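Residue numbers (this note's numbering): 63 to 307.
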């Protein structure tokens, strides 16, 4: 199984999601635009993972590769291949299907309580989530829900935390890929201090890691496993179609 990974920022690696894909026998083809060239379509990959970054998902002028990336997202969806976007990645997926990205009125930072909505009932990734979970956040933008999206997750400070489009396109505002090492690195970014109103983000993160990191990692492993299963269904369907032809 080959997963195309769009890594938008050097400080935003695949983390826990990437580790789980590799542990399950998958392959990561990591592209870091604009230096790395994105493929024109999803023909050679079984899934698409779009990671976060410090830029605004609405800044096409500053990041000209966004428009081709939006087309690539739609191509994977048209092929019924799974797409997973986190933070910036979720905002780009929302844009690809008609959502609008705007500046939020707060910067969210740290492990934050995320609440499942009724849309998670029977969902392939989140169907067994019965209550809130604390997951890593670091963002100052938000997005409007695309018309065809199923709203899956919400939060107190930012309502749109997760959605699904069709069978297998998922966008999550929170950073489920973040492990303690990544979280500690982000705590040294100046915007983290701003998010806490001048408080110490390093102290906040260390407290959060003790309280929430283990459960968050287990959540990420389970969600990634299920996302990979969505890709395997697509692979099996393609193989059956080829055999019939």
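Ideal placement from N, C-alpha and C gives every residue a C-beta, glycine not left out.
Quick caveat, the model's predicted, so the values are computed rather than measured.
query: What does DSSP give as the partner residues of residue 114 in its beta bridges?; result: Paired residues: none, contrary to the question.
query: Can you grab the Cα-Cα spacing for the pair residue 82 / residue 122, in whole Å?; result: 32 Å
query: Please state whether DSSP places residue 63 in a helix, a strand or coil.; result: coil
query: Go ahead and label residue 19 buried or exposed: buried means 16 or more other beta carbons lie within 10 angstroms of its beta carbon, across all protein chains shown.; result: One cannot answer for residue 19 here, as it falls past the ends of the chain, which runs 63 to 307.
query: Helix, strand or coil, according to DSSP, for residue 124 in the structure here?; result: coil
query: Tell me whether residue 157 is buried or exposed, calling it buried when 16 or more other Cβ atoms sit within 10 Å of its Cβ.; result: buried
query: Rounding to the nearest angstrom, what Cα-Cα distance links residue 139 and residue 172 in this structure?; result: 31 Å
query: Rounded C-beta distance between residue 238 and residue 278? I'm assuming under 8 Å.; result: 7 Å
query: So for residue 179, helix, strand or coil by DSSP?; result: coil
query: If you drop the 5 nearest sequence neighbours on each side, which residues of the same chain put their C-beta closer than 7 Å to that of residue 125?; result: 117
query: Would DSSP call residue 138 helix, strand or coil?; result: helix
query: Closest to residue 287 by CA distance: which of 220, 187, 192, 276 is it?; result: 187
query: Taking the beta carbon of residue 290 as the centre, do at least 16 other beta carbons fall within 10 Å, making it buried, or is it exposed?; result: buried
query: May I ask you to verify whether the region 225-243 touches the region 131-150, counting CB pairs closer than 8 Å and requiring at least 3?; result: yes
query: In this structure, does DSSP put residue 200 in helix, strand or coil?; result: strand
query: If you draw a straight line from the alpha carbon of residue 250 to that of residue 264, how long is it in whole angstroms?; result: 7 Å
query: Would you identify the three-state DSSP class for residue 215, choosing helix, strand or coil?; result: strand
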